[in-house]
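**Student:** Residue numbers (the numbering used here): 915 to 978.
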Amino acid sequence: MHKHHRISDKQYADAKKINLKANLVERTKKERQVNGNEKDTEYDSYVNFVQSELMNNKYFKDKT
């Protein structure tokens, strides 16, 4: 957003100070799985895409 001038330099600097990992909820690999047996599969494709993107991101690649 900063690159496209949607936020100010101060907003960008403030956002960079936030530790995103501190706000994540720890879950096991099984808990993170998208279960095909769920009745609501509307977002499964999206979730799988995001999971793939995160797994291939250099910051998350070797995390379990």
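Each residue gets a CB set at the ideal place from its N, CA and C atoms; glycine is no exception.
As the structure is a computational prediction, the values presented were derived from the model and not from experiment.
1) Do the CB positions of residue 916 and residue 926 come within less than 8 Å of each other?
2) Can you check the region 927-966 for any beta strand (DSSP E) of at least 3 residues that lies completely inside it and give the ranges in chain order?
3) Return the CA-CA distance between residue 970 and residue 932, expressed in angstroms with no decimal places.
4) Kindly list the residues whose CB is nearer than 7 Å to the CB of residue 921, restricted to its own chain and excluding five residues on each side of it in sequence; keep chain order.
5) Between residue 957 and residue 966, what straight-line distance do the alpha-carbon atoms span, to the nearest angstrom?
**Tutor:** In terms of the structure at hand:
1) yes
2) none
3) 23 Å
4) Taking C-beta separations shorter than 7 Å and ignoring five residues to either side along the sequence, the partners of residue 921 in its chain run 915, following chain order.
5) Approximately 14 Å between the Cα atoms of the pair.
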